[in-house]
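One structure is given here, and the rest of the page talks about it.
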């Protein structure tokens with residue numbers, strides 16, 4: 012059995028589907044044929060039994076079949092009918108003896124016939140065998156006023172011949188049905204699996220050529236159409252991801268070239284000074300070393316940003332947890348104060364909890380605050396407000412022109428007015444990516460009623476925030492920080 016199952020599983024899907032369809036139809040046809048045969052058989056037996064009962068002899072007719080000496084007469088009764096000539100009639104006494112009244116072959120007498128002859132039973136119908144071996148249908152009923160019974164028998168060939176013809180016809184119909192089912196199964200399998208063949212060909216083409224522009228026609232709303240649309244969506248997403256990766260590599264190469272070129276130039280100047288023995292003036296040497304340090308710092312920051320953007324978008328990870336957004340913002344604000352000690356940063360943080368990766372969320376908020384610090388004038392003010400999941404960071408800098416706002420979240424994009432300032436152009440891209448992973452949205456717009464930019468981050472709340480949330484911090488200028496960053 013296991014070997015047959017294994018061989019069946021090794022067959023192609025089209026063959027298995029056709030075989031299953033043919034088998035299902037064959038079972039249905041066989042069950043229908045068997046039910047039809049049983050119904051017809053029962054109907055024929057009932058008709059035969061009714062015919063036997065319909066030719067039942069009266070007591071007067073039955074007594075005419077016996078001579079005064081008790082022997083059977085072989086004469087036809089006066090009430091003979093056409094069906095009578097198909098029958099065998101014999102008399103049975105209480106001892107089981109019988110004599111033929113009509114016909115040539117005696118019918119075996121069994122216990123049921125004797126019971127009727129003795130008056131113990133009203134009647135009986137059963138199958139019996141004649142002297143020549145032929146099967147008969149026997150109907151035995153009592154003879155009134157006499158210790159005996161009359162057995163009327165008709166050959167079962169009347170029923171069996173019809174059943175044999177019916178069996179042959181049903182077998183022929185079932186055979187044609189099974190063959191037709193097999194052909195229909197092949198047609199159904201070929202037609203139904205044609206979209207799967209197209210999908211298989213498309214997948215093999217993509218695997219062979221890495222061509223992600225392949226699309227499969229999807230018509231209707233059935234499972235095959237849904238599968239085709241899912242495949243098209245998958246290839247489109249892969250193509251888009253491939254384009255983004257290629258663009259990221261190209262942009263990263265372009266951005267890395269500038270600090271690497273400057274770094275190589277400065278190092279070559281220092282190395283040439285050592286090789287030629289011509290010392291660089293101390294002030295120039297100090298400036299070169301400072302430039303090398305700044306460029307290495309910029310290069311390290313750029314590589315860190317690239318690593319952050321290169322992380323796969325895998326949805327929720329094991330590090331995702333419920334964190335207090337207000338706590339994360341407060342920590343980011345403390346770091347921003349170290350970067351701009353001359354700035355005034357006012358905060359009003361209402362408790363709000365979100366599901367996110369704590370380090371990634373904090374870095375995104377730090378990037379927003381870094382932009383605000385970078386573009387704020389000396390002694391300026393930055394307002395940070397968190398209310399019901401909406402975080403706003405407003406600075407009072409020059410602001411972003413309207414035509415540049417659609418590009419602020421693009422990778423490596425930098426405003427022409429900010430190209431001289433430090434940065435990789437990836438900070439806001441990281442912000443957008445992190446916020447989207449948290450299920451939120453972010454936007455930048457010009458501040459209303461004055462200069463500056465407003466960054467707005469909206470994040471959905473967590474279902475179950477941790478207990479004992481910290482209190483809100485009022486919106487007022489903080490005290491100057493006690494730690495000053497290294498310059």
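Residue numbers (this note's numbering): 12 to 498.
Cβ coordinates follow ideal geometry from the N, Cα and C atoms, glycine included.
Other residues of its chain near residue i: CB distance less than 7 Å, five sequence neighbours each side excluded
i, result
"residue 326", "Residue confidence for residue 326 is low, a pLDDT of 48 falling below 50, so the modelled location carries little weight; the figure read from the coordinates is stated next. If we look at residue 326 and ignore the five residues flanking it on each side, it has no Cβ neighbours."
"residue 115", "none"
"residue 93", "Interpretation of residue 93 is limited by its pLDDT of 47, a score under 50 that renders its predicted location unreliable; no figure is taken from the coordinates."
"residue 243", "226, 227, 229"
Close-in-space but distant-in-sequence residues of the same chain around residue i (CB under 6 Å, 5 per side omitted)
i, result
"residue 87", "Confidence is the limiting factor: at residue 87 the pLDDT is only 48, short of 50, which leaves the residue's position unreliable, though a coordinate-based value still follows. No residues qualify anywhere along the chain."
"residue 150", "63, 136, 163"
"residue 158", "105"
"residue 328", "Any reading at residue 328 is ruled out, since the residue's pLDDT is 49, under 50, leaving its predicted position unreliable."
"residue 109", "101, 103, 120"
"residue 467", "403, 454"
Presumed contact (8 Å Cβ cut-off) between residue i and residue j, rounded CB distance
i, j, result
"residue 163", "residue 55", "About 17 Å; that fails the 8 Å criterion."
"residue 400", "residue 460", "Contact flag wrong, Cβ pair sits at about 25 Å."
"residue 383", "residue 442", "The Cβ separation is near 12 Å, so there is no contact."
"residue 463", "residue 407", "4 Å"
"residue 224", "residue 250", "7 Å"
"residue 333", "residue 449", "About 12 Å separates the two Cβ atoms, so there is no contact after all."
"residue 368", "residue 330", "5 Å"
Endpoints, alpha helix (DSSP H) assigned at residue i
i, result
"residue 169", "168-203"
"residue 31", "24-65"
"residue 132", "Neither: residue 132 is in no alpha helix (DSSP H) and is coded neither H nor E."
"residue 345", "336-350"
Residues of its chain near residue i, where Cβ-Cβ distance is below 8 Å and the 5 sequence neighbours each way are ignored
i, result
"residue 274", "303, 306, 307, 310"
"residue 373", "339, 342, 343"
"residue 416", "455, 456, 457"
"residue 123", "132, 135, 137, 151"
"residue 240", "229"
"residue 52", "170, 174"
"residue 248", "none"
Residue interval of the beta strand (DSSP E) (run including residue i)
i, result
"residue 401", "401-405"
"residue 440", "Where residue 440 is concerned, there is no enclosing beta strand (DSSP E), although the alpha helix (DSSP H) it sits in stretches over 438-448."
"residue 398", "392-398"
"residue 366", "364-367"
"residue 221", "First-last for residue 221: undefined, no H or E at that position."
"residue 292", "Taken as a continuous stretch (DSSP letters only), residue 292 belongs to no beta strand (DSSP E), as it is neither H nor E."
"residue 5", "The question about residue 5 has no answer, for the chain in this structure spans 12 to 498."
"residue 109", "109-113"
"residue 148", "146-153"
"residue 104", "99-104"
Closer than 7 Å to chain D by CB, residue i
i, result
"residue 55", "Of the chains in the structure shown, none is chain D; there is only one protein chain."
Hey, is the stretch 142-160 in contact with the stretch 95-109, meaning 3+ C-beta pairs nearer than 8 Å? yes
Does the contact criterion of 3 or more C-beta pairs under 8 Å hold for the stretch 353-362 versus the stretch 284-304? no
Measuring CB atoms only, is the stretch 189-203 touching the stretch 27-38, in the sense that at least three cross pairs come out at less than 8 Å? yes
Does the stretch 200-214 come close enough to the stretch 21-31 to have 3 or more Cβ pairs within less than 8 Å? yes
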